[in-house]
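Peer 1:
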Amino acid sequence: MERERRLTLRLPDLLAIPLVGHFLRWRHARTSAQAVLLLLALLLLYDGFFGPPLAPKNLAGVLPWVHWRGFVVLSLLLLGNWFCFACPFLLPRRLAQRVFRPRRAWPRWLPGKWVAVLLLLVFFWAYEAFDLWASPFLTAWVALAYFVGAFVVDGLFRGAAFCKHVCPIGQFNFVGSLLSPTQVTIREPAVCTSCRTKDCIRGRFS
Numbered sequence: 120m121e122r123e124r125r126l127t128l129r130l131p132d133l134l135a136i137p138l139v140g141h142f143l144r145w146r147h148a149r150t151s152a153q154a155v156l157l158l159l160a161l162l163l164l165y166d167g168f169f170g171p172p173l174a175p176k177n178l179a180g181v182l183p184w185v186h187w188r189g190f191v192v193l194s195l196l197l198l199g200n201w202f203c204f205a206c207p208f209l210l211p212r213r214l215a216q217r218v219f220r221p222r223r224a225w226p227r228w229l230p231g232k233w234v235a236v237l238l239l240l241v242f243f244w245a246y247e248a249f250d251l252w253a254s255p256f257l258t259a260w261v262a263l264a265y266f267v268g269a270f271v272v273d274g275l276f277r278g279a280a281f282c283k284h285v286c287p288i289g290q291f292n293f294v295g296s297l298l299s300p301t302q303v304t305i306r307e308p309a310v311c312t313s314c315r316t317k318d319c320i321r322g323r324f325s
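Here the sequence shown stands for residues 120 to 325, numbered as in my numbering.
1. Do you know offhand how far VAL310's Cα is from CYS286's?
2. Tell me the DSSP bridge mates of PHE276?
3. Spatial neighbours of LEU275 within its chain, please: C-beta separation below 8 Å, excluding the five flanking residues on both sides.
4. Could you check how far apart the C-beta atoms of HIS284 and LEU229 are, in whole angstroms? I think they sit under 8 Å.
5. Straight-line CA distance for ARG306 to ILE288?
6. Is it true that the stretch 190-205 meets the stretch 292-301, where meeting means three or more beta-carbon pairs spaced less than 8 Å apart?
7. From the DSSP output, in three-state form, read off LEU178 for me.
8. Can you tell me where the alpha helix (DSSP H) with TRP244 in it begins and where it stops?
9. Hey, how far is the Cα of SER151 from the Cα of LEU195?
10. Check GLN302 in the structure and name its three-state DSSP category.
11. Is the number of C-beta pairs between the stretch 203-211 and the stretch 172-191 that are closer than 8 Å three or more?
12. For ALA269, is the classification buried or exposed, using 16 other Cβ atoms within 10 angstroms of its Cβ as the cut-off for buried?
And the structure:
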């Protein structure tokens, strides 16, 4: 325990970095980051469906398979799971939860992460079988299916069911982020010792 604490103390505190820390403390930081990626995703959908069919000349052929994939790999190795922090699929999810007010719990016969693991395997197979990197049109359909899936699942089930049980990218990023040198950890152990609600683990509605 003491060894882990000493190791943690050597890691850089992102909140202590002037500009980065100020942004992360801002209450709208995550929403603003999600809005930027949502705009990029909408541009990807438009170009994928209506733009040129050649992947190198289409945003849907370049953005997800070249720029986004490279950024995610570097982010996972250096900073952690920043994509989930700025995930654009969460904004439609919020809309679904406000419209439908989901009350259903996730089915017990679909335990753990197996749905997400299965979808990840299907994605890997489809990537090779249908040459997704070479087809902006099919890439746009994959992105659209993601938006629809997040909207429908979280419109039916409470408690961020899409992120916890369905999202294959999230599970892949979660595993990859284990290699990152940064982590969310305790700054003041006395605060956690005296805490009675444990909101950081259980979450809360406000």
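Just so it is clear, CB atoms sit at the ideal spot from N, CA and C, and this is done for glycine as well. A quick note: this is a predicted structure, and the numbers were derived from the prediction, not measured.
Peer 2: According to the structure data:
1. As a position in the sequence shown, residue 310 is number 191, starting the count at 1. As a position in the sequence shown, residue 286 is number 167, starting the count at 1. Answer to the nearest angstrom: the Cα atoms are 33 Å apart.
2. Start at 1 with the first residue of the sequence shown, and residue 276 comes out as number 157. The partner list for PHE276 (beta bridge, DSSP) reads ARG223.
3. Here residue 275 refers to the residue found at position 156 when the sequence shown is read from its first residue. Answer for LEU275: PHE219, PRO221, ARG223, listed in chain order.
4. Position 165 of the sequence shown holds residue 284. Position 110 of the sequence shown holds residue 229. Contact flag correct, Cβ pair sits at about 7 Å.
5. For the purposes of this step, residue 306 is identified with residue 187 of the sequence shown, where counting begins at 1. For the purposes of this step, residue 288 is identified with residue 169 of the sequence shown, where counting begins at 1. Taking the straight line joining both Cα atoms gives about 29 Å.
6. Counting Cβ pairs under 8 Å, three or more are found: they touch.
7. In the sequence shown, residue 178 corresponds to position 59, counting from 1. In the displayed model, LEU178 falls within a helix according to three-state DSSP.
8. Translated into positions along the sequence shown, residue 244 becomes position 125. Run containing TRP244: 233-248, per the alpha helix (DSSP H) assignment.
9. Taking the sequence shown and counting its residues from 1, the one referred to as residue 151 is at position 32. Taking the sequence shown and counting its residues from 1, the one referred to as residue 195 is at position 76. If you take the alpha carbons of SER151 and LEU195, they lie about 21 Å apart.
10. Start at 1 with the first residue of the sequence shown, and residue 302 comes out as number 183. Three-state DSSP puts GLN302 in coil, outside helix and strand.
11. Per the Cβ contact rule, the stretch 203-211 is not in contact with the stretch 172-191 (fewer than 3 Cβ pairs under 8 Å).
12. For the purposes of this step, residue 269 is identified with residue 150 of the sequence shown, where counting begins at 1. Looking at its Cβ environment, which holds 16 or more other Cβ atoms inside 10 Å, ALA269 is buried.
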